[in-house]
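Worksheet: the structure to be examined is printed underneath.
In our numbering, the protein residues as written are 666 to 922.
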């Protein structure tokens, strides 16, 4: 019986010969060019998507400082969730490496890629007119006419800022007990936690629990709604959040890595 479960795994050296052939079939050569840099994707770190024992997709990347650059993303079958799964996995890998920025370059003809990335929290940060024309000198396989019969001339760069991962040894007072309600911890304000309701997962029981749990906040405690911001100064048990205790816990977590 076929196993349709999609699995994502890191690229290992034994994968590289097959991935080299895959890259060449998808990109017309063993190289990819962005912002004047020639990459050899099959030699880069990457993530492989596998379904039913077969290659379903590949993402390759390069890390420099606090930035992870996505070099290639390919799904064997489009619109099957493979690209989304690879973006989620590389975001997790970036956080594991304490990388805060994901960047990716596409071209002016690639309207599908622009839609894909912008729907996944990437923002357009740069347009490089004529960059694809320059890249063609480094890689002649780049066509002059791209997708949708659009002349291929320019590069566009997109950025996604990542929220930092929370170290596992941070004390409970530093955590967000409201995540089950769709509430995100956005930062600190005045020594307290700034909680923002991003999506609403509530019921009459949840609303009552919410009122009980934010009794130590500096704001009134109505039923939560999307967009509401609350500065919370108490934990579930009513113990005040200590900035010093949180700082000590984070320092301990860093030292233990």
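For each residue, glycine too, the CB sits at the ideal point set by N, CA and C.
Nearest-angstrom beta carbon gap, residue j and residue i [assumed within contact, 8 Å]
i: residue 771; j: residue 803; result: Not quite, the Cβ-Cβ distance comes to about 17 Å (not below 8 Å), so this is no contact.
i: residue 706; j: residue 694; result: 10 Å between Cβ atoms; not a contact.
i: residue 709; j: residue 747; result: So it is not a contact: roughly 19 Å between Cβ atoms.
Which listed residue (the options) has its alpha carbon closest to that of residue i
i: residue 688; options: 720, 670, 716 and 701; result: 720
i: residue 742; options: 793, 723, 775 and 806; result: 723
i: residue 776; options: 746, 806 and 817; result: 817
i: residue 754; options: 726, 795, 807 and 774; result: 726
i: residue 728; options: 746, 704 and 747; result: 704
i: residue 807; options: 779, 778 and 774; result: 774
i: residue 671; options: 800, 714 and 749; result: 714
i: residue 734; options: 702, 749, 780 and 677; result: 702
i: residue 778; options: 811, 685 and 805; result: 811
Beta-carbon proximity list for residue i, same chain, < 7 Å, skipping 5 on both sides
i: residue 623; result: In the structure displayed, the chain extends from 666 to 922; residue 623 sits before or after that span and is not available.
i: residue 782; result: 769 and 823
i: residue 675; result: 712
i: residue 691; result: 739
i: residue 790; result: 822, 823 and 824
i: residue 798; result: 818
i: residue 685; result: 695 and 707
Nonlocal neighbours in the same chain, by C-beta distance under 8 Å from residue i, ignoring five residues either side
i: residue 827; result: 756, 759, 760, 764, 765, 766 and 767
i: residue 793; result: 700, 819, 820, 821 and 822
i: residue 829; result: 760, 763 and 765
i: residue 744; result: none
i: residue 749; result: 785
i: residue 795; result: 818 and 819
Buried/exposed call for residue i, threshold 16 Cβ in 10 Å
i: residue 731; result: exposed
i: residue 815; result: exposed
i: residue 813; result: exposed
i: residue 673; result: buried
i: residue 809; result: exposed
i: residue 897; result: Confidence at residue 897 is low in this model, with a pLDDT of 48, below 50, so the placement of that residue should be treated as unreliable; the coordinate-derived value is given next. When all chains shown are included, residue 897 counts as buried.
i: residue 683; result: exposed
i: residue 866; result: The predicted model places residue 866 with a pLDDT of 45, which falls under 50 and marks its position as unreliable; any figure quoted below should be read in that light. The residue is exposed, with fewer than 16 neighbouring Cβ atoms inside 10 Å.
Residues near residue i in its chain [Cβ-Cβ closer than 6 Å; skip 5 each side]
i: residue 825; result: 767, 786 and 787
i: residue 801; result: 807
i: residue 681; result: 707
Opposing strand residues paired with residue i [DSSP bridges]
i: residue 671; result: 716
i: residue 769; result: 735 and 823
i: residue 793; result: 820
i: residue 726; result: 735
i: residue 788; result: 824
i: residue 746; result: BP columns for residue 746 are empty, so no partner.
i: residue 810; result: 816
i: residue 711; result: 725
i: residue 702; result: 699
i: residue 740; result: 722
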